[in-house]
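A.B. asks: Here it is: the structure, laid out below.
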Amino acid sequence: MRTSAIPIAIVGAAAAANASTAVGCSGGLQILLARGTGEKLNSSIANRVAEGIIDRIPNSNLTSLDYPATFTKPPYTSSVDEGVNILKNALDSYHSSCPDGKIAGAQVSTYAFCGGNGTDSASPEVTKNVIAILEFGNPTHVANATYNRGNSTRDGIFALDRDAVKRCESLGDSLRSYCDTGDTYCDLGNVTGVHTSYFQRYTDETVDFVVSRYQNAGNQSSPTTSPTGPSTTGVGGSASATGDVGGSAPGLGPGNSGMLYTAPLAVWAFFQLL
């Protein structure tokens, strides 16, 4: 039985997409967010990263990916598979409509970008426009990978195979995967609080990283601290508005409200499950 994690994904682009399968083109970044398992649509704790980016990059939009995010009904593995497919379809659709658009993702599924464990990765035509990918507490973590951040030195419970790691490493500086010692899922540790603490410790750093990548990608509009009022829609389901930041953290594991999920981040793709 294949298991996988759905991280948060933020996609930044400069042109418009097909509204039926993706989102309208934004002048800044298009943010795709896949909540953690057990989180309500538009209420992911990862929203704080997306909101930080929106505050500094004008005309950015936030879209929540509407996938089950369940442990049962459907079962976790089916939920993850559906989420990965919805994410890849959204990326493909956006790139097709906006070929020059820049993409960023937070908590995006590693499987969507690197493949592995029986999953095909997104096409090179799409990944070449990805400017930033962020992951936090990803259970597919592999020690000593060049894209790692944090102080973990051990593999996660669903460690990627070597070929997938190589594909991740080929993404270069665009990918950062945060995992700290003691995390139950990405480090096989036994310190419960580590897995739910990444956004308290790394939000500012990751927002700065994404903004820097956006600027270096040739986007001339200067980031600002005055948000322009992002539009919000749903992908894979009915349209929806941005919700309040939830009380649980991304990743595979119990959140503050007793929910379990896995959450890797990309700029963006944000996401999770058990």
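With mature numbering (1 follows the signal peptide of the UniProt record, and there is no 0) applied, the sequence shown corresponds to residues -16 to -1, 1 to 258, in that order.
Just so you know, even glycine gets a beta-carbon here, dropped at the ideal spot from N, CA and C.
None of the values given here were measured: they were computed from a predicted structure.
1. What span of residues does the alpha helix (DSSP H) with serine 196 cover, start to end?
2. Quick one, which of Gln184, Glu189 and Glu23 has its alpha-carbon nearest threonine 54's?
3. Given a cut-off of 7 Å on the beta-carbon distance, is the pair cysteine 170 and asparagine 128 in contact?
4. Count the other C-beta atoms from every protein chain shown that fall within 10 angstroms of the C-beta of glutamate 35, then say buried if there are 16 or more, exposed otherwise.
5. Could you check whether glycine 67 and tyrosine 78 sit closer than 7 Å to each other, using their CB atoms as the reference points?
6. Indicate the three-state DSSP secondary structure (helix, strand or coil) for threonine 176 in the structure shown.
7. In the structure shown, what three-state DSSP assignment does phenylalanine 142 receive?
8. Determine the contact status of threonine 124 and phenylalanine 97, defining contact as a CB-CB distance below 7 Å.
9. Of the residues Ser161, Thr168 and His179, which one's Cα is nearest the Cα of glutamate 189?
10. In whole angstroms, what is the alpha-carbon distance linking tyrosine 198 and threonine 130?
11. Grouping DSSP H, G and I as helix and E and B as strand, with all else coil, what is valine 126?
12. Sorted by chain position, which residues of the same chain lie with C-beta nearer than 7 Å to leucine 49's C-beta, five sequence neighbours on each side aside?
13. Less than 7 Å separating the beta-carbons of arginine 138 and leucine 159?
14. Please classify lysine 24: does DSSP put it in a helix, a strand, or coil?
15. Which word fits valine 195, buried or exposed, when buried means at least 16 other C-beta atoms lie within 10 angstroms of its C-beta?
16. Could you tell me whether the Cβ atoms of cysteine 152 and glycine 134 are closer together than 7 Å?
17. Can you check DSSP and say which residues form a bridge with asparagine 45?
18. So the beta strand (DSSP E) arginine 160 belongs to, where does it begin and stop?
19. Kindly indicate the opening and closing residues of the beta strand (DSSP E) around isoleucine 29.
20. Kindly indicate which three-state DSSP category tyrosine 78 falls into: helix, strand or coil?
C.D. replies: Reading from the atomic positions:
1. 182 to 200
2. Cα-wise, what sits closest to threonine 54 is Glu23.
3. With respect to the 7 Å criterion, cysteine 170 and asparagine 128 are not classified as neighbours on the basis of their beta carbons.
4. buried
5. no
6. helix
7. In the structure shown, phenylalanine 142 adopts coil according to DSSP, grouped into three states.
8. no
9. Ser161
10. 21 Å
11. coil
12. Leu16, Leu17, Ala18, Gly67, Ile70, Leu71, Ala74, Val219 and Gly220
13. no
14. coil
15. Within 10 angstroms of the beta-carbon of valine 195 lie 16 or more other beta-carbons, which makes it buried.
16. no
17. Gln14
18. 159 to 162
19. Counting along the chain, isoleucine 29 falls outside any beta strand (DSSP E), and DSSP gives it neither H nor E.
20. helix
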